[in-house]
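Input: a single structure, listed below in structure tokens.
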Amino acid sequence: MHVPDGFINAPVSAAAGAVAVAAVAAGLRGARRETAAHGAAGGPGGERTAPLAGLVAAFVFAVQMLNFPVAAGTSGHLLGGALAAILVGPCTGLLCLAVVLLLQSVLFADGGLTALGVNITLIGVVTVVVAYGLFRGLLAVLPRRRSAITAATFVAALVSVPVSAVAFTLLYGIGGTTDVPFGTVLAAMTGVHVLIGVGEALITTATVGAVLAVRPDLVHGARDRVAVPLRLRVAGQLVDAPAASPARPAGRPSRAVALTGLTIAVVLAGFVSFYASTSPDGLERVAVDQGFADSADDHTGTDWPLADYGVADIADDRLSGGLAGVIGVGATVVTGTLVLRAAAARRRGAALPGAEPSGAGDAGAGASGSAPADTTDGTGTPAARRPGAGGSVPPPPDPSVPSVPSVPSVPPAPAPERD
1 MHVPDGFINA
11 PVSAAAGAVA
21 VAAVAAGLRG
31 ARRETAAHGA
41 AGGPGGERTA
51 PLAGLVAAFV
61 FAVQMLNFPV
71 AAGTSGHLLG
81 GALAAILVGP
91 CTGLLCLAVV
101 LLLQSVLFAD
111 GGLTALGVNI
121 TLIGVVTVVV
131 AYGLFRGLLA
141 VLPRRRSAIT
151 AATFVAALVS
161 VPVSAVAFTL
171 LYGIGGTTDV
181 PFGTVLAAMT
191 GVHVLIGVGE
201 ALITTATVGA
211 VLAVRPDLVH
221 GARDRVAVPL
231 RLRVAGQLVD
241 APAASPARPA
251 GRPSRAVALT
261 GLTIAVVLAG
271 FVSFYASTSP
281 DGLERVAVDQ
291 GFADSADDHT
301 GTDWPLADYG
311 VADIADDRLS
321 GGLAGVIGVG
331 ATVVTGTLVL
341 RAAAARRRGA
351 ALPGAEPSGA
361 GDAGAGASGS
371 APADTTDGTG
381 TPAARRPGAG
391 GSVPPPPDPS
401 VPSVPSVPSV
411 PPAPAPERD
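Letter by letter, the sequence shown follows residues 1 to 419 of the working numbering.
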């Protein structure tokens with residue numbers, strides 16, 4: 001559903017562009033919060049989770065090349081809002097889709113340049129907000145089972161596509177360049193995109209399910225549902241076991257997972273895309289049937305080297321399209337990774353000026369000429385070790401953590417019983 005130049009007039013396109021810019025700016029701030037919260041929870045933080053965002057962007061780009069038939073003479077493709085938001089979070093997911101749409105427009109002449117804001121708003125903002133909000137809402141009322149995650153994923157992806165189609169119809173009703181009855185366009189867009197939504201739901205559910213089976217910690221939207229603490233029975237009471245140090249940082253793809261995801265994206269874009277449906281997608285079919293297809297303007301980059309997902313001067317269609325797909329995957333994964341790394345680095349740099357260097361207080365005291373404080377109790381014992389002293393005192397026990405009765409050294413206590 002990439003909107004070309006000419007469907008929407010300039011004022012409405014400019015307004016949609018302003019919405020897209022504001023949404024991306026909010027996404028940058030939100031992505032910093034998402035990665036910061038993840039780092040505080042024991043994860044690696046933004047710079048080391050950035051490759052996951054790049055992988056998600058590359059996968060969305062690759063799957064969007066695979067148009068599938070939905071009706072006679074009509075095809076559809078993944079939009080990706082639900083998939084990106086559930087895997088990496090709504091703000092990071094929005095950035096992934098913005099990267100994909102930007103590269104599709106400027107490298108492959110897919111989606112208008114003046115309509116880029118419209119496309120980011122419809123394919124990025126609307127689908128992410130609707131899908132993630134519905135996904136989390138369903139998880140809040142469904143049982144805490146993995147099957148509930150699957151069901152919520154399917155429904156969220158399915159609903160997000162026709163809602164995006166309705167949003168396009170609203171924009172077209174306000175700023176469409178051809179006089180077509182609003183109700184006619186609404187009925188046609190909604191009907192075909194419900195069918196496309198079914199394909200979106202199947203692809204999204206299969207992908208999220210595969211990640212859940214291998215690395216459930218990589219599914220951002222369901223981390224609070226898949227992390228079940230181990231409980232031990234000690235002295236007749238159930239207590240939460242201390243969290244074990246993970247073999248790898250949560251939320252960071254292992255090298256094997258990253259290589260597998262990248263390989264799948266390359267195979268889909270470089271080889272499988274040759275067999276994709278060549279029928280017009282949902283928006284193109286509606287535009288032809290309702291008589292406003294001719295209002296589309298030619299893309300400025302129709303003569304660009306990778307226009308229309310083919311490498312110029314390569315006559316073999318299979319080779320030309322495959323190389324273009326592989327180039328697109330590489331460009332997307334690199335750009336997506338760099339964008340999130342830049343967002344994370346900016347947050348870290350903003351946090352540094354307010355931090356007080358270690359030992360600054362002592363240095364300041366020495367510089368002011370004041371005498372150093374007595375560091376012993378008269379017997380040679382450092383004051384930092386005395387209770388109540390201003391030095392490094394061990395923190396008091398956390399009252400929220402249940403205490404475990406001490407176990408006599410002889411005889412040894414039996415091993416805790418797992419519940």
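Ideal placement from N, C-alpha and C gives every residue a C-beta, glycine not left out.
Note that the structure is a prediction, hence the values are computed from the model and not measured.
Grouping DSSP H, G and I as helix and E and B as strand, with all else coil, what is residue i?
i, result
"residue 70", "strand"
"residue 147", "helix"
"residue 254", "coil"
"residue 234", "strand"
"residue 281", "strand"
"residue 111", "coil"
"residue 89", "coil"
"residue 314", "coil"
"residue 173", "helix"
"residue 429", "In the structure as shown, the chain starts at 1 and stops at 419, and residue 429 therefore has no counterpart that could be examined."
"residue 341", "helix"
"residue 32", "helix"
"residue 305", "coil"
"residue 364", "Here the model assigns residue 364 a pLDDT of 43, short of 50, so the residue's position is not dependable, and the following value carries that caveat. Helix at residue 364."
"residue 219", "coil"
"residue 296", "coil"
"residue 61", "helix"
"residue 289", "helix"
"residue 276", "coil"
"residue 271", "coil"
Determine the burial state of residue i: buried for a count of at least 16 other Cβ atoms within 10 Å of its Cβ, exposed for fewer.
i, result
"residue 64", "buried"
"residue 41", "Here residue 41 scores only 47 on pLDDT, less than 50, and its place in the model should not be relied on; the value that follows carries that caveat. It is exposed - the Cβ of residue 41 has fewer than 16 other Cβ atoms within 10 Å."
"residue 275", "exposed"
"residue 147", "exposed"
"residue 182", "exposed"
"residue 11", "exposed"
"residue 259", "exposed"
"residue 282", "buried"
"residue 179", "exposed"
"residue 170", "exposed"
"residue 214", "exposed"
"residue 73", "exposed"
"residue 22", "exposed"
"residue 263", "exposed"
"residue 235", "exposed"
"residue 341", "buried"
Any heavy atom of the ligand ATP closer than 7 Å to the beta-carbon of residue i?
i, result
"residue 288", "This structure lacks the ligand ATP; in fact it carries no ligand of any kind."
When you compare the CB positions of residue i and residue j, do they come within less than 8 Å of one another, or not?
i, j, result
"residue 111", "residue 3", "yes"
"residue 220", "residue 120", "no"
"residue 437", "residue 271", "One cannot answer for residue 437 here, as it falls past the ends of the chain, which runs 1 to 419."
"residue 50", "residue 344", "yes"
"residue 58", "residue 204", "no"
"residue 296", "residue 6", "yes"
"residue 80", "residue 150", "no"
"residue 293", "residue 195", "no"
"residue 172", "residue 8", "yes"
"residue 115", "residue 273", "no"
"residue 162", "residue 193", "yes"
"residue 289", "residue 188", "yes"
"residue 139", "residue 26", "no"
So, at 6 Å on beta carbons, what are the nonlocal neighbours of residue i in its own chain, with the 5 sequence-adjacent residues on each side left out?
i, result
"residue 261", "55"
"residue 19", "121"
"residue 24", "98"
"residue 28", "343"
"residue 324", "306, 309, 310 and 311"
"residue 30", "91"
"residue 96", "53, 56, 57, 84 and 336"
"residue 117", "16, 17 and 20"
Looking at the unbroken alpha helix (DSSP H) that takes in residue i, where does it start and where does it end?
i, result
"residue 225", "223 to 226"
"residue 117", "116 to 119"
"residue 6", "Segment: none, residue 6 is in no alpha helix (DSSP H) and carries neither H nor E."
"residue 193", "182 to 214"
"residue 141", "127 to 141"
Between residue i and the rest of its own chain, which residues show a CB-CB distance below 8 Å, the 5 nearest in sequence each way excluded?
i, result
"residue 134", "152, 155, 156, 159 and 160"
"residue 103", "61, 328, 331, 332 and 335"
"residue 68", "75, 76, 77, 199, 276 and 277"
"residue 142", "148, 151 and 152"
Looking only at its own chain, which residues have a Cβ that is under 7 Å from the Cβ of residue i, when we skip the five neighbours before and after it?
i, result
"residue 109", "299, 301, 302, 304, 307 and 308"
"residue 356", "Here the model assigns residue 356 a pLDDT of 46, short of 50, so the residue's position is not dependable and the matter cannot be decided."
Taking 8 Å as the CB-CB cut-off, is residue i touching chain D?
i, result
"residue 170", "Any reference to chain D falls outside this structure, which holds one protein chain only."
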